[in-house]
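Let me begin by presenting the structure, written as structure tokens, before commenting on it.
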Amino acid sequence: MDISTRLAPGLCLKNPILSASGTFAYGEEFARMFDLSLLGGVVTKGLSLHPKEGNPTPRVCETSCGMLNAIGLENIGVDAFIAQKLPFLGTFDTEVVVNFFGTGEDEYAHMAQKLDIEGVSAIEMNVSCPNIKKGGIEFGKDPKILNRLVAQVRQSTTKPLIVKLSPMVTHIGEMALAAQEGGADALTCSNTFPAMAIDENTWKPILGNITGGLSGPAVKPIALRIVWEVSRQAAIPVIASGGITSWRDVVQFLLAGASAVEIGSFSLRDPLCFGVIIQGLIRYMHDNSLESITEIIGKLRTP
Amino acid sequence: MDISTRLAPGLCLKNPILSASGTFAYGEEFARMFDLSLLGGVVTKGLSLHPKEGNPTPRVCETSCGMLNAIGLENIGVDAFIAQKLPFLGTFDTEVVVNFFGTGEDEYAHMAQKLDIEGVSAIEMNVSCPNIKKGGIEFGKDPKILNRLVAQVRQSTTKPLIVKLSPMVTHIGEMALAAQEGGADALTCSNTFPAMAIDENTWKPILGNITGGLSGPAVKPIALRIVWEVSRQAAIPVIASGGITSWRDVVQFLLAGASAVEIGSFSLRDPLCFGVIIQGLIRYMHDNSLESITEIIGKLRTP
Amino acid sequence: MKDCNALVKDNRLVAQDTCLMTLACELSPFTPGQFLMLRLTGTCDPFLRRPLAVLSYREGIVEILYKVIGRGTSLLAGKKKGEELSVLGPLGKGFSDPRPEEEAVYVAGGTGLPPILALAERMGRGSLIIGARTKDDIPLWERMQNIGGVEVTATTEDGSLGIRGMATQALNDLLKTVHKPCVIYACGPTGMLKTAASLAQVFGARCEVSIEERMACGFGVCSACAVRTTAGNQKVCTHGPVFDASCIEWGI
Amino acid sequence: MKDCNALVKDNRLVAQDTCLMTLACELSPFTPGQFLMLRLTGTCDPFLRRPLAVLSYREGIVEILYKVIGRGTSLLAGKKKGEELSVLGPLGKGFSDPRPEEEAVYVAGGTGLPPILALAERMGRGSLIIGARTKDDIPLWERMQNIGGVEVTATTEDGSLGIRGMATQALNDLLKTVHKPCVIYACGPTGMLKTAASLAQVFGARCEVSIEERMACGFGVCSACAVRTTAGNQKVCTHGPVFDASCIEWGI
Ligand SMILES: Cc1cc2nc3c(=O)[nH]c(=O)nc-3n(C[C@H](O)[C@H](O)[C@H](O)COP(=O)(O)OP(=O)(O)OC[C@H]3O[C@@H](n4cnc5c(N)ncnc54)[C@H](O)[C@@H]3O)c2cc1C
Ligand SMILES: Cc1cc2nc3c(=O)[nH]c(=O)nc-3n(C[C@H](O)[C@H](O)[C@H](O)COP(=O)(O)OP(=O)(O)OC[C@H]3O[C@@H](n4cnc5c(N)ncnc54)[C@H](O)[C@@H]3O)c2cc1C
Ligand SMILES: Cc1cc2nc3c(=O)[nH]c(=O)nc-3n(C[C@H](O)[C@H](O)[C@H](O)COP(=O)(O)O)c2cc1C
Ligand SMILES: Cc1cc2nc3c(=O)[nH]c(=O)nc-3n(C[C@H](O)[C@H](O)[C@H](O)COP(=O)(O)O)c2cc1C
Ligand code: FES
Ligand code: FES
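Residue numbers (our numbering), protein chains in the order written: chain Y, 39 to 341; chain X, 39 to 341; chain L, 13 to 264; chain F, 13 to 264.
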């Protein structure tokens, strides 16, 4: 049985299960619980050029079948990552996908250059951040801005380039094509949904940052639709992200057109879920006499 | 204590609790369970010029803390509504808000004219429908198209005009302003989120229509953020819709800036929730010595 | 119809993956074919209620018989004596009584047994055919055989109980032997209902079928449960679940 | 740290809105101050685990003491003997032992009692101050008084038990009487911790505080639980929850 999956020239995962950015830190904590080599790949916390302190607390909040986070992209900075964390990740037999972001195009490009080093399997651009030079509009909200950004990053790296889309846009297909034409090798669909929570006793927002991003099973049906929509429009592979909790979810996202999946929030609740999900997927394929996951990807049967 | 709320010149609800469109039919079934006069208002199923058959089944599907629907706007048509349903609704001491849609601008305008009659307190335009003349793009996805549509409807009616926005857009504030400038008296935020569900056994979409709209508690945090964003940008009142299940939710949406709320999916699960929620709101105001709900609306305390 | 709290009195496995639950709750009198919408938890997950037919209701005690299919029915199977459920019902339109001159034939397959059994028990006359894949799939076999006045036939695909074959084959055979006006009551897989409907036509019998469709509300407000009939779309939850078979447009 | 299934052995109210639960599960040895992340249901609603300190752990039996605050702790309070929970832990960094020459002073307020009591019970020496609004808010009062070697003082705002006033006032009074190196261990509302920290400075005592912050993972991967320290942001769940009070930047 072949459960490997190809995301870009030179980027083939041994299985379609990745951690998600921001729920796996830099892998050390999970490595104490299981062998990271069982994963198709790990995606690191989003890195920036300089270390970032993040938002005031509370930074998380529970919602119906989901959670909000407004961590504020706290991270140790790309240099500390390369010096202190990357070598450790290199000791595992898994692909290392480095998630990153910048405050302007040059910073994104600079980051990509810095990460164009051994030990990094691919880079994943988080474009759900405001472009401070363009009056604060998110890179991921305008196809032209996104296309330019991706094109510039493309020229700064030899690594497979994954663009992680923002879901809350009018035409997600347009954004996907803008990234593809900019030179993305693959797309992650998608980041969290801007949302908020309010405490009716204090009359205050629950999160220190007022708003945050919604993730978890609550958003899965939307994420599934986005993957389905994007994978039919884009020619490049799609990585699914949003509410995955089980091998059943994984099969559903593969059917919708994803070539791999990231598991985020659920691994906070159940850190050992990765192994369970991979085993479940193998068992499913065995029970259904499937030889390769390419027999599942995009094979949704529509009327 | 005053829990009445004003939505437009000549449209004041005795309390801020409305039913939502599509989960209340035309009121007859609920009227067998409780006196509709206890509601601030009822919103009817979305009506069209001609009766509509709707989508193939299955039309609903359960999701984590929510549901998908792809009813396909099945309705009896505006004429049958006026003849057979409106008189019954007129027997209750509550505001009758008629939800409607069309396939083109003229049809919307025609509908508005037909509904400019006694017994109708206000009309609520559902703009989450494709404009068949404009290549199928949803009216609610382009501010220019929306603005023109609203302006045309505005000229065809003397009734208070509520525009119900589609949530899945890049700039919800722009859409709100487009509707406001077109002449809307109030905005409903918002309709369901395009989503889907897949059966991993049959490899088929669960809904007959492939995709459907996500509603219920799962989407509440997004709806809350949308209400907060829109109410700070628009000058007209906002009606909240999305995942409301309790008086706590109502208070949260009021704090975020809503002047009233619609309860949809949850009333399918718990048809008697309306009375419980209104009582809970009154008790909350009493316990907090609040005289009027205007003391709550938009009073979120941000840092 | 009422929304009431029900107390689990008993809940036990009575066949392969099939449980019989008794609940204490005050309902108004029911017609066989009517159903309840059960809410399974206090939390919003699972969100929707589940439709289940009333098997019996007497003096504040309701029986339901359900097959464990997915999440909701699994949760139901896990309920223990003393736990609470919320119950909405009885809902929908049940079976009409057989006319005095009519011979009643009840046909059940799969999860279709409860409303059919309810009707047979209420009427106390006629013939009941229960079809299943195998013996172990048939619940309440003893109870069925003891319905006074009703003759019971089982069909199993593997021949492990009763006649080997399909319920509709047994129905066909039975109808050949009946020489007076006849009414067929059927509930089960769509294929079975369709065949029952055409047999009814062939034999000039009246036929009522109880239809299953996904529901959200169960009381007629959401339009989830549409079924195509000669009178246009109808709602399974309020116009049905029991329909005159000749009105149903079976589609492909 | 492990993720294991725990069986509820007992769960009872021991003070106003406060329950003591005993669970059977195999943990590695714990340090007082460490905590567990409890998952409350099989469904994803509620989604996040809840952090609760270990009160005691011996031979496969863990005790937790919790105040019923919101949805999660209400669900916990509803658990009955024989039900299962999933438990992740022990997590975080606990209190350090008092040095041989140090006099130990334990101070607890609000939901801060469990880790403090765990430490006092483990050490068997020093003085414990428990502060509450009123008598009924103090759980396990008998048990506290019977910790061999530990002198216990209660303070209540209404004077219904022990000294009328605040725990920090009693701490101040106590510190005045201690004439050797001293270490203060505190857990409770932020205001209390802050005051304890400044008293420690005034009296030249060492001070360790256990901090509460909203958590998602509890094992260091999500960065939810940031606390500002002199060494920059630290994670309450892995760097803490116990910190040297002098390192915390208390903010306004
Ligand atoms: C009027 C009516 C009466 C019924 N009476 C009985 C009965 O007495 N005994 C019995 O065993 N079953 C009965 N069913 C079928 C029963 O409702 C489903 O088996 C049950 O809802 C499955 O729920 P689940 O959560 O276990 O399955 P899941 O597949 O997890 O359910 C997911 C969703 O699909 C719906 N669904 C799944 N299967 C069906 C189905 N066959 N019909 C309608 N909705 C479905 C569920 O209600 C739920 O909303 C009846 C159905 C209807 C419409
Ligand atoms: C390390 C640590 C140890 C703790 N030990 C104990 C203990 O032994 N006994 C005890 O009674 N309480 C303890 N608490 C506080 C306890 O975690 C909260 O009271 C509990 O999570 C409230 O959950 P809820 O669902 O009832 O409240 P809700 O308000 O419904 O919870 C909503 C969310 O907020 C979080 N939350 C709410 N209050 C707190 C809080 N004070 N601290 C952290 N998160 C919070 C919840 O975890 C949840 O994610 C501890 C907290 C921490 C961080
Ligand atoms: C606590 C937290 C932190 C996150 N941080 C990042 C981040 O740094 N960069 C990023 O691209 N996505 C980040 N995400 C988004 C996740 O990677 C993932 O796309 C999203 O949570 C949806 O998947 P899920 O439902 O499986 O969590 C974060 C999510 C959470 C919950
Ligand atoms: C079954 C169903 C049918 C609906 N039909 C309509 C409709 O006809 N017109 C409309 O504007 N909104 C319709 N909606 C959207 C609801 O009015 C409401 O805006 C949405 O469901 C979010 O609120 P909720 O989470 O409280 O359900 C429908 C929703 C459901 C669940
Ligand atoms: S289930 Fe809602 S109308 Fe039938
Ligand atoms: S709670 Fe996740 S890092 Fe502390």
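Cβ coordinates follow ideal geometry from the N, Cα and C atoms, glycine included.
Tell me whether L/A65 counts as near ligand 1, meaning its Cβ is closer than 7 Å to at least one heavy atom of that ligand.
-> yes
Pairwise C-alpha distance: X/R263 and X/D180
Looking at the two C-alpha atoms, the distance is approximately 20 Å.
Taking just the CA atoms, how far does Y/G79 sit from L/M156?
-> 58 Å
| query | Where does Y/Q193 sit, in a helix, a strand or coil, going by DSSP? | reply | coil
Problem set entry | Alpha-carbon to alpha-carbon, L/L152 and L/T30 | For the pair L/T30 and L/L152, the Cα-to-Cα distance works out to about 10 Å.
- Message: Using the Cβ count rule (16 or more neighbours within 10 Å means buried), how would you classify X/F72?
- Response: exposed
Inset, instruction - Please report how far the alpha carbon of X/I236 lies from the alpha carbon of Y/L292, in whole angstroms. - result: 10 Å
_So, at 6 Å on beta carbons, what are the nonlocal neighbours of L/V80 in its own chain, with the 5 sequence-adjacent residues on each side left out?_
D29, S86, A89
Practice problem: For X/N326, count neighbouring Cβ atoms within 10 angstroms of its own Cβ and tell me buried if that reaches 16, exposed if not. | Solution: The residue in question, X/N326, is exposed, as its Cβ has fewer than 16 Cβ neighbours within 10 Å.
- Rank X/L87, X/Q290, X/S86, X/N93 by C-alpha distance to the C-alpha of Y/P243 and give the top, closest one. X/Q290
- Could you tell me which chain L residues have their CB closer than 7 Å to the CB of X/R307, listed as they occur along the chain? R51, F59, L60, R61
Since L/T85 meets chain F, which of its residues come closer than 9 Å, beta carbon to beta carbon?
Those within 9 Å of L/T85 in chain F number zero; the least Cβ separation is about 15 Å.
Notebook entry, point to check: So is the beta-carbon of L/S235 under 7 Å away from any non-hydrogen atom of ligand 5?
Noted result: yes
- Message: In this structure, how does DSSP classify Y/M234 when only helix, strand and coil are distinguished?
- Response: strand
What are the partner residues of F/P253, as DSSP defines its beta bridges? F/K105
Whose CA, out of Y/T196, Y/R192, Y/D144, Y/E145, lies closest to the CA of Y/G157?
-> Among Y/T196, Y/R192, Y/D144, Y/E145, the Cα nearest to that of Y/G157 is on Y/T196.
#### Entry: Collapsed DSSP secondary structure at Y/E67 in the structure displayed
helix
Provide the residue span of the beta strand (DSSP E) that contains F/Q246, from first to last. From DSSP, the beta strand (DSSP E) with F/Q246 extends over 244-247.
Report task. Report yes if the C-beta distance between F/V119 and F/A65 is below 8 Å; otherwise report no. Result -> Not a contact, by the Cβ cut-off of 8 Å.
Is it right to say L/S132 is buried, meaning 16 or more other beta carbons lie within 10 angstroms of its own, or is it exposed?
Checking the sequence, you will find Ala at residue 132 of chain L rather than Ser. Buried is the call here.
- Task: Return no unless some Cβ of chain X is closer than 8 Å to the Cβ of Y/I260.
- Result: yes
Residue range of the beta strand (DSSP E) that includes F/P44
Counting along the chain, F/P44 falls outside any beta strand (DSSP E), and DSSP gives it neither H nor E.
Inset, instruction - Say yes only if the C-beta of F/V248 is nearer than 7 Å to one or more non-hydrogen atoms of ligand 2, and no if none qualify. - result: yes
Check: Which residues of chain X have a Cβ atom closer than 8 Å to the Cβ of Y/E37, listed in chain order?
Finding: What is shown of chain Y runs 39 to 341, which leaves residue 37 of chain Y out entirely.
*When we look at the beta-carbon of F/R62 and count the other beta-carbons within 10 Å, is it buried (16 or more) or exposed?*
Taking all protein chains shown into account, F/R62 has 16 or more neighbouring C-beta atoms within 10 Å of its C-beta and is therefore buried.
Alpha carbon of X/I175 to alpha carbon of L/L77, nearest angstrom: 48 Å
Looking only at DSSP bridge pairs, what is L/K92 linked to?
-> Bridge partners of L/K92: none, in fact.
At a threshold of 7 Å, does L/S86 count as lining ligand 1 (C-beta to nearest heavy atom)?
yes
Taking the straight line between their C-alpha atoms, what separation do you get for X/S269 and X/G211? 9 Å
Discussion item. Closest to F/I73 by C-alpha separation, out of F/V99, F/K91, F/R51, would be which residue?
Written reply: The option with the nearest alpha carbon to F/I73 is F/V99.
| Per DSSP, L/V162 is paired with what? | DSSP lists L/G138 as partners of L/V162.
Check: Y/R250 lies in the beta strand (DSSP E); which residues open and close that run?
Finding: It should be pointed out that residue 250 of chain Y corresponds to Gly in this sequence rather than to Arg. Here the beta strand (DSSP E) through Y/G250 covers 249-253.
Residue interval of the alpha helix (DSSP H) (run including Y/E143)
Segment 143-152, the alpha helix (DSSP H) holding Y/E143.
**Item:** Boundaries (first-last residue) of the alpha helix (DSSP H) holding Y/M213
**Value:** 210-220
Query raised in the report: Among the residues of its own chain, which have a CB less than 7 Å from the CB of X/L51, if the five just before and after it don't count?
Result: S42, T43, L45, G78, G79, E133, A298
Taking all protein chains shown into account, do 16 or more other C-beta atoms lie within 10 angstroms of the C-beta of L/Q16, making it buried, or fewer, making it exposed? Residue identity check: residue 16 of chain L is Cys in the sequence provided, not Gln. Label assigned to L/C16: exposed.
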